[in-house]
Amino acid sequence: MPILDEKLGDIYDEVLRRNPGEDEFHQAVREVLDSLGPVVAKHPEYTDAAVIRRLCEPERQIIFRVPWVDDSGAVRINRGFRVEFNSALGPYKGGLRFHPTVYLGIVKFLGFEQIFKNSLTGMPIGGGKGGSDFDPKGRSDGEVMRFCQAFMTELYRHIGEHTDVPAGDIGVGGREIGYLFGQYKRITNRYESGVLTGKGLTWGGSQVRTEATGYGTVFFVEEMLKVRGDSFDGKKVVVSGSGNVAIYAAEKVRQLGGTVIACSDSNGYVVDEHGIDLDLLKEVKEKRRARISTYAETRSGARYVEGGSVWDVPCDIALPCATQNELNGRDAAVLIDNGCAIVAEGANMPCTPDAVRLFAEAGVLFAPGKAANAGGVATSALEMQQNASRDSWSFDHTERRLADIMHGIHDRCLEAADRYGKPGNYLAGANIAGFIQVADAMLALGVI
Ligand code: NDP
Ligand code: 2IT
Numbered sequence: 006m007p008i009l010d011e012k013l014g015d016i017y018d019e020v021l022r023r024n025p026g027e028d029e030f031h032q033a034v035r036e037v038l039d040s041l042g043p044v045v046a047k048h049p050e051y052t053d054a055a056v057i058r059r060l061c062e063p064e065r066q067i068i069f070r071v072p073w074v075d076d077s078g079a080v081r082i083n084r085g086f087r088v089e090f091n092s093a094l095g096p097y098k099g100g101l102r103f104h105p106t107v108y109l110g111i112v113k114f115l116g117f118e119q120i121f122k123n124s125l126t127g128m129p130i131g132g133g134k135g136g137s138d139f140d141p142k143g144r145s146d147g148e149v150m151r152f153c154q155a156f157m158t159e160l161y162r163h164i165g166e167h168t169d170v171p172a173g174d175i176g177v178g179g180r181e182i183g184y185l186f187g188q189y190k191r192i193t194n195r196y197e198s199g200v201l202t203g204k205g206l207t208w209g210g211s212q213v214r215t216e217a218t219g220y221g222t223v224f225f226v227e228e229m230l231k232v233r234g235d236s237f238d239g240k241k242v243v244v245s246g247s248g249n250v251a252i253y254a255a256e257k258v259r260q261l262g263g264t265v266i267a268c269s270d271s272n273g274y275v276v277d278e279h280g281i282d283l284d285l286l287k288e289v290k291e292k293r294r295a296r297i298s299t300y301a302e303t304r305s306g307a308r309y310v311e312g313g314s315v316w317d318v319p320c321d322i323a324l325p326c327a328t329q330n331e332l333n334g335r336d337a338a339v340l341i342d343n344g345c346a347i348v349a350e351g352a353n354m355p356c357t358p359d360a361v362r363l364f365a366e367a368g369v370l371f372a373p374g375k376a377a378n379a380g381g382v383a384t385s386a387l388e389m390q391q392n393a394s395r396d397s398w399s400f401d402h403t404e405r406r407l408a409d410i411m412h413g414i415h416d417r418c419l420e421a422a423d424r425y426g427k428p429g430n431y432l433a434g435a436n437i438a439g440f441i442q443v444a445d446a447m448l449a450l451g452v453i
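Quick note: to get our numbering, add 5 to the position in the sequence shown (first position is 1).
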């Protein structure tokens, strides 16, 4: 790890001390601080007004009990979280994650990342994140509905279209947003569309929100390629995961002329040299909610590998779209040996610090999640815009807006990287550009 300058080192030590055991949060803070040396050197006002210290402390952290009744009549207890991290730029905005690994450290890392990501979009949204250690796998529709209702029965008092606007993340998609919105509406007796994003198209949702994160990641990579006079045409791409982000990243890669030859879930991966069949993938994952192994059972020529690492599959472009720390130093070394030229994070913090360092040393272009996956939350902000004006836009119009936003984020990263002496470094550029906008807003709003 690079050595932090003295002021930033003290701030990092304080974060470690104040937040014991929250490894993912430490990692996310460290990654941002590693980029801010040249910024604080030029702008002492940020450290003088304790902007970075304030940024590292969430404005509000809510932890609550979620009791619900399963199909056998047994009472179950889960833990719910909402971390309202920073509202300098707008209402707290960020997804809800339902996964058994969720604890405060995960929610805080995601909420912290979200501040800079949302700032980079240029839209008026603050940063927050929430979720629960509830595991939706194997649960019936009725159980998921009762869980969502119990979760919202506490959450509703903390959110609102001008306060805090949750959306989906791992384990939370259109079905869950529906149950959550239904319960919010029932408790408050208000049809407040802008309180959640990722809603269904017939009741206030936006075109392209489902596709937005995956499409946006691929639009970002398209810009990286364009700058180098290249395109997706003929490129072999590996995508990890097979959820919302992975599926729509794969769809846009195919539309742009690339071939996605592998994807995965937490049990294993499939390789399909002819290109992943997206209709089949959607049928298996979105409709049947089955495992990725089912894909290989149905598709001739596809191979399923139980366990192992999807990054062993040789490719030109790697898109990690599953979860944090899913691509480690070993995986990075294999990708580099196999000639991979670009890695873009569709997921939040999927590459470990070791992997990121190896990519930099090997000259592999690396797009950090807070830039590359910002298309999801940006389209959420477009959904809020449509809700506020009681309008609904066409698919084409919304997709063009998304493409423009990703183009803008790409250029903002490069411009900030250049200005602070790190030309071509998307990681530094994303951290610096995201930070400066929110830091300037915090200075303007005074000590609050
Ligand atoms: P989904 O729940 O739709 O899909 C998650 C995918 O990742 C599944 O294939 C899942 O496999 C796999 N996965 C999850 N946890 C693990 C794990 N511990 N080890 C291996 N594989 C795992 O989630 P999304 O596609 O929405 O989210 C994927 C990533 O993208 C997350 O990092 C999320 O934070 C990020 N993201 C999502 C956005 C969105 O709009 N949805 C926006 C920006 C970022 P399995 O089924 O086996 O669990
Ligand atoms: O990580 C993310 O940006 C998301 N899960 C989407 C958040 C949102 O509010 O759309």
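All residues carry an ideal CB built from backbone N, CA and C; glycine is no exception.
With distances taken between CA atoms, valine 275 lies nearest to Ile297 out of Ile297, Leu261, Asp416. Secondary structure at leucine 185: helix, using DSSP grouped into helix, strand and coil. Aspartate 342 and serine 314 do not touch by the CB rule: their CB atoms are close to 13 Å apart, not below 8 Å. For the pair of segments examined, the segment 356 to 367 was found not to touch the segment 276 to 289: the number of CB pairs separated by less than 8 Å stays below three.
Relative to arginine 214, the option among Leu115, Asp174, Val242 whose CA is nearest is Asp174. Arginine 87 and glycine 133 do touch by the CB rule: their CB atoms are close to 7 Å apart, below 8 Å.
In chain order, Glu166, Val170, Met389, Asn392, Ala393 place their CB closer than 7 Å to the CB of glycine 199, counting only its own chain and leaving out the 5 sequence neighbours on each side. A distance criterion of 6 Å places the beta-carbon of valine 226 beyond contact range of ligand 1, judged by its closest non-hydrogen atom. Taking C-beta separations shorter than 8 Å and ignoring five residues to either side along the sequence, the partners of alanine 54 in its chain run Met447, Leu448, Val452, following chain order.
Per DSSP, reduced to three states, the secondary structure at glycine 429 is coil, with no helix or strand assignment. Counted as a single uninterrupted DSSP element, the beta strand (DSSP E) harbouring serine 137 occupies residues 132 to 137. For isoleucine 410, the enclosing alpha helix (DSSP H) has its first and last residue at 400 to 424. Residue pairing from DSSP leaves glutamate 388 without any beta-bridge partner. In this structure, leucine 115 lies away from alanine 376, with their beta-carbon atoms at least 7 Å apart. Per DSSP, the beta-bridge partners of cysteine 268 are Val275. Ranked by Cα distance from proline 325, the first of Ser77, Ile82, Val226, Gly85 is Val226. Per the coordinates, the alpha-carbon of glycine 239 lies some 33 Å from the alpha-carbon of isoleucine 437.
Just so you know, the alpha carbons of alanine 327 and threonine 52 end up roughly 35 Å apart. A residue is called buried once 16 or more other Cβ atoms fall within 10 Å of its Cβ, and proline 25, having fewer, is exposed. Aspartate 28 carries a helical assignment under DSSP once its states are collapsed to helix, strand and coil.
Counted as a single uninterrupted DSSP element, the beta strand (DSSP E) harbouring asparagine 83 occupies residues 80 to 91. Proximity of the beta carbon of serine 124 to ligand 1 is not indicated: no heavy atom of the ligand is located closer than 6 Å. Straight through space, the alpha carbons of glutamate 148 and alanine 379 are spaced by roughly 31 Å.
Within the DSSP bridge table, the entry for alanine 323 names Val243, Val348 as partners. Here leucine 94 really is in contact with isoleucine 130; their C-beta atoms are around 6 Å apart, less than 8 Å. For proline 171, the three-state secondary structure derived from DSSP is strand.
Within the DSSP secondary-structure output, valine 310 pairs in a beta bridge with Tyr274. Isoleucine 281 counts as buried, since at least 16 other C-beta atoms from the protein chains shown sit within 10 angstroms of its C-beta. In this structure, DSSP gives leucine 332 an extended state, which the three-state scheme calls strand.
Where lysine 292 is concerned, there is no enclosing beta strand (DSSP E), because DSSP gives it neither an H nor an E. Going by DSSP, valine 71 is part of the beta strand (DSSP E) stretching over 65 to 74. Between the alpha carbons of asparagine 353 and glutamine 329 lies a distance of about 6 Å.
Cβ-Cβ distances below 6 Å link valine 289 to Ala295, Thr299, Tyr300 in the same chain, with the five nearest sequence neighbours on each side left out; the list follows chain order.
Beta bridge pairing from DSSP links leucine 101 with Gly135. Around the C-beta of alanine 79, fewer than 16 other C-beta atoms lie within 10 Å, and the residue is accordingly described as exposed. When rounded, the separation of the alpha-carbon atoms in methionine 229 and proline 96 is 31 Å.
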